[in-house]
Amino acid sequence: MAQVETTIDSIRVAAVSPERAIILQQKGADCYLPFWVSSSQADILADQLNGRPDKSLDPDRFLANINAANSDIKRVTIHLEHNTFCAKILLSRRDKPYEVKCPVGIALALACRANAPILVDEALFDKAGVRFPSTPHQPHRKQHWWRRLKSRKPDAPWCRQTA
Numbered sequence: 014m015a016q017v018e019t020t021i022d023s024i025r026v027a028a029v030s031p032e033r034a035i036i037l038q039q040k041g042a043d044c045y046l047p048f049w050v051s052s053s054q055a056d057i058l059a060d061q062l063n064g065r066p067d068k069s070l071d072p073d074r075f076l077a078n079i080n081a082a083n084s085d086i087k088r089v090t091i092h093l094e095h096n097t098f099c100a101k102i103l104l105s106r107r108d109k110p111y112e113v114k115c116p117v118g119i120a121l122a123l124a125c126r127a128n129a130p131i132l133v134d135e136a137l138f139d140k141a142g143v144r145f146p147s148t149p150h151q152p153h154r155k156q157h158w159w160r161r162l163k164s165r166k167p168d169a170p171w172c173r174q175t176a
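Read in the numbering used here, the sequence shown has 151 at position 138, and its numbers run on one by one without any break.
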């Protein structure tokens, strides 16, 4: 099955629940994969991304076991099992690969720490991914709406004052 490489775009907080959404972005495309994780897993990943990996011991425990087995992290894969997002870490020990299941937040934190690629099945992007195509009226999708107003010409029809 074909897999695509992704990067961590953001971690979002839900307004009405304690859960968090992690959003992965496909490299070289405007395709995003959002999925829910527990607040503790999101906090572990956020601490890693913000340069505070010592706040939580969970990734350190996994990393200590990986180092004790003289293994290297080759990649992290995200997949769907029984409608739940799961992660596997591909390790290599003496050039022999093996996979270990791991919570998604911890797997992503370890991938960041080891600079390992994060791969997602292409079929999963087709099933649960979200695409934001650029349009002529909105060339910079991530630009805030008030900044786009500043870049508009003052003679635009909606800017003209009527008497």
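Where a beta carbon is used, it is the ideal one built from N, C-alpha and C, also for glycine.
Under the three-state reduction of DSSP, which class applies to residue i: helix, strand or coil?
i      : result
Glu135 : helix
Ala100 : strand
Ser105 : strand
Would you check if the distance between the CB atom of residue i and the CB atom of residue j is smaller than 8 Å?
i      : j      : result
Glu94  : Ile102 : no
Asp43  : Arg106 : no
Ile86  : Ala127 : yes
Ala122 : Arg88  : no
Leu132 : Gln54  : no
Could you spell out where the beta strand (DSSP E) holding residue i opens and where it closes?
i      : result
Val26  : Gln16 to Val26
Ala34  : Arg33 to Gln39
Asp85  : Asp85 to Glu94
Ala130 : Strictly speaking, residue 130 in this sequence is Pro, with Ala absent from that position. Pro130 -> no beta strand (DSSP E), and no H or E assigned at all.
Val50  : Cys44 to Val50
What span of residues does the alpha helix (DSSP H) with residue i cover, start to end?
i      : result
Ala124 : Val117 to Ala127
Cα separation between residue i and residue j?
i      : j      : result
Leu46  : Phe98  : 11 Å
Val26  : Ile57  : 14 Å
Ser52  : Cys125 : 18 Å
Ala100 : Asp134 : 11 Å
Gln140 : Ala28  : Per the sequence presented here, residue 140 reads as Lys, with Gln not at that position. One C-alpha to the other measures close to 25 Å.
Leu137 : Phe48  : 11 Å
Val50  : Lys40  : 22 Å
Pro110 : Ser30  : 39 Å
Lys114 : Asp108 : 19 Å
Three-pair Cβ contact test at 8 Å for the region 18-37 versus the region 115-129: Under the 8 Å Cβ criterion, the region 18-37 counts as touching the region 115-129, having at least three qualifying pairs.
Segment contact, 8 Å Cβ cut-off, at least three pairs: the region 19-26 with the region 54-67: Between the region 19-26 and the region 54-67, the count of Cβ pairs shorter than 8 Å is three or higher; the stretches touch.
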